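All residue numbers for the sequence shown refer to our numbering, where the first residue is 1478 and numbers rise by one. Below is one structure; the comments refer to it alone.
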Amino acid sequence: MPDRKIIGIDIGGTFTDFVSYDAATGTIENWKNLTTPSEPIEGVLQGLGQVEDVASVDKIRLGTTIATNALLTRRGAKVAYVTTTGFRDVPFIQRGDRRSHYDITWIKTKPLMKRADTYEIGGRFSAKGELVTALDEAAVRELAATIKADGTIEAIAVCTLFSYIDPSHEQRIRDILAEELPGMPISISYEVLPKWKEYDRASTTIADAYLKPIVSDNFHRMQKRLDAIGIGDRIGVIKSNGGESTLKGAAEAPVQMTLSGPTGAVVATRVLSELTGIKNLVTFDMGGTSTDCSTVVDGMEHVTTSFEIEWGLPIQIPMIDIHTIGAGGGSIAWIDKGGMLRMGPQSAGAAPGPACYGRGGENATVTDANVVLGRINPDYFLGGKMKLDAEAAHRAVKTVADQLGLEVDAAAFAMVQIANNNMLGALRAVLLQRGLDPRDFSLVASGGAGPVHICDLMDIAGIPQGIVPNYPGQFSAFGFIMTDARVDRHRTVQQISKYFDGARATAAMTELVDGAIAELVSQGYQQKVEIYRSIEARYFGQNHELELSFPANQFTEETIANLWERFHEEHQNRFGFSIPGETIETVNLKVVAVAVSEKPKMRELEKGEGTPASSGSRKVRFEDGWHDVKTYDRGTFKQGQTVAGPAIVEESASVTILQPKQTLRVDRLGNLIISA
């Protein structure tokens, strides 16, 4: 590996995390500072100010919530939607199901644009790609004039019928609109999501257009600020699939940024699986504002296209399958109308933050409860760089305790238990609800608050082993320095096994591969590219597909026969039955292109034995009351050493709370392996 420095940056709702790897010395450094919600780049620049020589940085990889927040808060662009005559209501009809079948007060989720801003254009292809009606180009120019006269439209989404088979109408509409409305952001469904299912394709394309102005503006300002310190040409941003893109590439396809930040912890967990040989891991990434859970099964993360911004509002771009809930260290305690204690999803965030931050916050949060319980040392928060106000935490929790008629420590413990149960729901969503047995998994805790709660969650979730990895407080940022540039390309090409046209399928797959490689090259990635091909297929008449890898680069008689055989086998494995001889239908072709980068090498710890020397002790409240608990400095740990609970392991960005009857051992790389 050439001498270089890589920095991963994760902009969270409360903290901005940094991990730096110096290839020349083989050292990894980590730090964090408070996020600046109004202008996230300020927090980034503040953190980069700790780098001694910014000019020595070869690459910065950044995870950002710009797109996520714009979607969740509905602060995107005003979008005009252009479609085939007769289909303007597709985004409003949505699907035929309901979130709650018997709730007469339920209101359907609104699209990201208004019906008054939808327009129909004459011209249509059939389901077989045959031209039915020629495109009405004059109507497109009239539409451009209408949009120009309106003056309020900020972006345009184009989604015509069956464009995934023949995109020529969409492409021509885009070209005419670009000619008549120079500078107007335009998204067409063939470039965003060239797949069947009209509503899903329309919704995803609208979301892309909705995000384009705000993401482009933010990235432009970010580029200028980073150019000013001489590193603007070294920035990569992380997409929802866990891969890297350039700022320019991300601005051109902003819907790919929907879940940028949380992916880093999952990428890092997959690397952890490779390094430790533990194949089944469930991630538990608890930050200040939210908790993200996902799985690594058989050493691989799960990538999905089934994501919804809100119920019934899909975005079908490839993204790592992550379940997020509003539960974090900043989750605020409140009493409902029935007098019951609740936690979140409201968060104190970075400003003002929990009461103990001393920044004006008065509401009791999970972090305040952990300070009251002795789980967090107020004098050693962020390694002592940030002092916490224990008295303010006590006052805030006392307000809750008085309403409940409890002692302060009992109220604080109840707050933590309720927060744990909220997070248990997220773990069940990615395990039990997907048919996975928690007993087959190890729980990986990350985020600043993850290690504080890992032992509680192991106990109530029935997970036998926990892992606190290196750099848990900056685990997503660590994942960013371990990732590669990645492009996913999908396209619907429907055929049945009885009349399968191998030449047609080969041509379509080759087009996807060439397009993915060209996108990587256009963004400046010149390193080795690995190609992964797959096919989504089903028995003819089914409504859901199975994904099968396709290692060949051509559809020959041999590879096609092998594909059908593997489909029957996979259907048997997945559903317990197969139907040999039944017609199989291929639906979608998929290509993943990965520009592989060299990875940092992890150092092994010096070998040791016995129990590390204690750094002190303090009283900590557990379920059975207060205990005198020994504290340990993680930086002194050696490979093979063990610690018996109750115990506290402190490090600069987090603290691990080991319950009574639990034990901890240090593996060869310094990961903390916890067992009951």
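Note that beta-carbon positions come from the ideal geometry of N, C-alpha and C, so glycine has one too. The structure displayed is predicted, hence computed values, not measured ones.
Is it the case that the Cβ atoms of P1662 and P1690 are separated by a distance below 8 Å? Taking the sequence shown and counting its residues from 1, one reaches residue 1662 at position 185. Taking the sequence shown and counting its residues from 1, one reaches residue 1690 at position 213. Against a cut-off of 8 Å, the Cβ pair of P1690 and P1662 comes out as a contact.
Under the rule that 16 or more other beta-carbon atoms within 10 Å means buried, what is T1560, buried or exposed? Locating residue 1560 in the sequence shown gives position 83, where the first residue counts as 1. It is buried - the Cβ of T1560 has at least 16 other Cβ atoms within 10 Å.
So for I2037, helix, strand or coil by DSSP? Position 560 of the sequence shown, counted from the start, is the residue given in the question as residue 2037. Looking at I2037 - three-state DSSP - the assignment turns out to be helix.
Determine the DSSP secondary structure at N2020, reduced to helix, strand or coil. On the sequence shown, residue 2020 is found 543 positions in, with the first residue counted as 1. N2020: coil per DSSP, three-state reduction.
Under the three-state reduction of DSSP, which class applies to D1677: helix, strand or coil? Numbered from its first residue, the sequence shown carries residue 1677 at position 200. Correct three-state label for D1677: helix.
In the structure shown, what three-state DSSP assignment does R1601 receive? By one-based count along the sequence shown, residue 1601 stands at place 124. Of the three classes helix, strand and coil, the one that applies to R1601 here is strand, per DSSP.
Quick check on DSSP: helix, strand or coil for A1554? Stepping through the sequence shown from its first residue, residue 1554 is reached at position 77. In this structure, A1554 counts as coil in the three-state DSSP scheme.
Identify, in the order they occur along the chain, each residue of the same chain with its Cβ nearer than 8 Å to the Cβ of G1972, setting aside the five sequence neighbours on each side. Looking up residue 1972 in the sequence shown gives position 495. According to the sequence as given, residue 1972 is Gln; it is not Gly. Result list for Q1972: D1978, R1981, A1982, E2062 and T2063, in chain order.
Which listed residue (N2065, V2073, I1483 and F2017) has its alpha carbon closest to that of P1671: As a working note, residue 1671 is residue 194 in the sequence shown. If we check each option's Cα against that of P1671, N2065 comes out closest.
Please work out which residues of its chain come closer than 7 Å, Cβ to Cβ, to V1848, disregarding the five sequence neighbours upstream and downstream, and give them in chain order. Position 371 of the sequence shown holds residue 1848. Contacts found: C1833, P1855, L1865, A1867 and A1870.
Buried or exposed: Q1697, going by 16 or more other Cβ atoms within 10 Å of its Cβ? Within the sequence shown, residue 1697 is the residue found at index 220, counting from 1. Reading the sequence as shown, one finds His at residue 1697 and not Gln. Exposed.
Rounded C-alpha distance that separates T1772 from A1906: By 1-based counting over the sequence shown, the position of residue 1772 is 295. By 1-based counting over the sequence shown, the position of residue 1906 is 429. Rounded to whole angstroms, T1772 to A1906 spans 11 Å at the Cα level.
According to DSSP, is T1723 part of a helix, a strand, or is it coil? As a working note, residue 1723 is residue 246 in the sequence shown. In this structure, T1723 counts as strand in the three-state DSSP scheme.
Proximity of P1739 and I1799 at Cβ, strictly below 8 Å: As a first step, residue 1739 must be located in the sequence shown, where it is residue number 262. As a first step, residue 1799 must be located in the sequence shown, where it is residue number 322. For P1739 and I1799, yes; Cβs fall inside 8 Å.
Could you please give the first and the last residue of the uninterrupted beta strand (DSSP E) stretch that includes N1898? What you label residue 1898 is simply residue 421 of the sequence shown in a count that begins at 1. Element bounds for N1898: not the beta strand (DSSP E) but the alpha helix (DSSP H), V1885 to V1907.
Note down the Cα distance separating Y1976 from F2052, rounded to an integer number of angstroms. To locate residue 1976, count along the sequence shown from 1; it is residue 499. To locate residue 2052, count along the sequence shown from 1; it is residue 575. If you take the alpha carbons of Y1976 and F2052, they lie about 26 Å apart.
For H1930, count the other beta carbons within 10 Å of its own beta carbon; 16 or more makes it buried, fewer makes it exposed. Which is it? As a working note, residue 1930 is residue 453 in the sequence shown. H1930 is buried by the Cβ-count criterion.
Is N1510 helix, strand or coil by DSSP? Locating residue 1510 in the sequence shown gives position 33, counting from the first residue. Three-state result, N1510: strand.
Alpha carbon to alpha carbon, what distance is there between I1624 and R1651? Translated into the one-based positions of the sequence shown, residue 1651 becomes position 174. Translated into the one-based positions of the sequence shown, residue 1624 becomes position 147. Straight-line Cα distance between these residues: approximately 14 Å.
Contacts around V1748, its chain only, beta-carbon distance under 6 Å, and the 5 residues preceding and following it disregarded: Here the question's residue 1748 lines up with position 271 in the sequence shown. Once the five neighbours on either side are set aside, the close Cβ partners of V1748 are M1959.
Are the CB atoms of G1540 and D1594 within a distance shorter than 8 Å? In the sequence shown, residue 1594 corresponds to position 117, counting from 1. In the sequence shown, residue 1540 corresponds to position 63, counting from 1. No, Cβ-Cβ distance for D1594 and G1540 is not below 8 Å.
Could you check the C-alpha separation between V1732 and P1795 for me, to the nearest Å? Numbered from 1 along the sequence shown, position 255 holds the residue referred to as residue 1732. Numbered from 1 along the sequence shown, position 318 holds the residue referred to as residue 1795. For V1732 and P1795, the distance between alpha carbons rounds to 10 Å.
Let me know the beta strand (DSSP E) ranges lying completely inside the region 1555–1622, each 3 residues or longer, listed in chain order. As far as the region 1555–1622 is concerned, its whole beta strand (DSSP E) runs of at least 3 residues are 1556–1561, 1595–1598 and 1608–1610.
By how many angstroms is the C-alpha of W2103 removed from the C-alpha of G1851? Within the sequence shown, the letter at position 374 stands for residue 1851. Within the sequence shown, the letter at position 626 stands for residue 2103. Between G1851 and W2103, the C-alpha separation is close to 9 Å.
Is the beta carbon of A1804 closer than 8 Å to that of M1817? Start at 1 with the first residue of the sequence shown, and residue 1817 comes out as number 340. Start at 1 with the first residue of the sequence shown, and residue 1804 comes out as number 327. No.
By Cβ distance below 7 Å, which residues in the same chain neighbour P1514 in space, the five residues on each side in sequence not counted? Here residue 1514 refers to the residue found at position 37 of the sequence shown. G1826, A1827 and A1828, listed in sequence order.
Should the region 1934–1953 be called in touch with the region 1777–1791, which here means at least 3 C-beta pairs below 8 Å? These segments do not touch.
Do T2119 and T2088 have their C-beta atoms closer together than 8 Å? The residue labelled residue 2119 in the question sits at position 642 within the sequence shown. The residue labelled residue 2088 in the question sits at position 611 within the sequence shown. Cβ distance < 8 Å, so T2119 and T2088 count as in contact.
Please check the pair I2151 and G1943, which I expect to be a contact at CB under 8 Å, by giving their CB distance rounded to whole angstroms. Position 674 of the sequence shown, counted from the first residue, corresponds to residue 2151. Position 466 of the sequence shown, counted from the first residue, corresponds to residue 1943. At roughly 4 Å, the Cβ-Cβ gap stays under 8 Å, so I2151 and G1943 are in contact.
Would T1512 and G1526 be called neighbours here (beta carbons separated by less than 8 Å)? Within the sequence shown, numbered from 1, the residue matching residue 1512 stands at position 35. Within the sequence shown, numbered from 1, the residue matching residue 1526 stands at position 49. No, Cβ-Cβ distance for T1512 and G1526 is not below 8 Å.
What whole-angstrom Cβ distance do A1439 and A1622 have, given they're in contact under 8 Å? The structure shown does not extend to residue 1439, since the chain is modelled only from 1478 to 2153, so the question has no answer here.
Mind pulling the beta strand (DSSP E) runs of 3 or more residues that sit fully within the region 1969–2016? 2006–2016
Given 8 Å as the limit, is there contact between the region 1703–1721 and the region 1587–1602, that is, 3 or more CB pairs closer than that? Flag = no, the region 1703–1721 and the region 1587–1602 do not touch.
Going by C-alpha to C-alpha distance, which of E1657, R1649 and V1774 sits closest to G1912? Here residue 1912 refers to the residue found at position 435 of the sequence shown. Out of E1657, R1649 and V1774, V1774 has the C-alpha closest to the C-alpha of G1912.
Coarse secondary structure for H1646, derived from DSSP in three states: One-based indexing of the sequence shown puts residue 1646 at position 169. H1646: helix per DSSP, three-state reduction.
On the CB-based measure, 16 or more other CB atoms within 10 Å of its CB, does P1517 come out buried or exposed? As a position in the sequence shown, residue 1517 is number 40, starting the count at 1. With 16 or more other Cβ atoms within 10 Å, it is buried.
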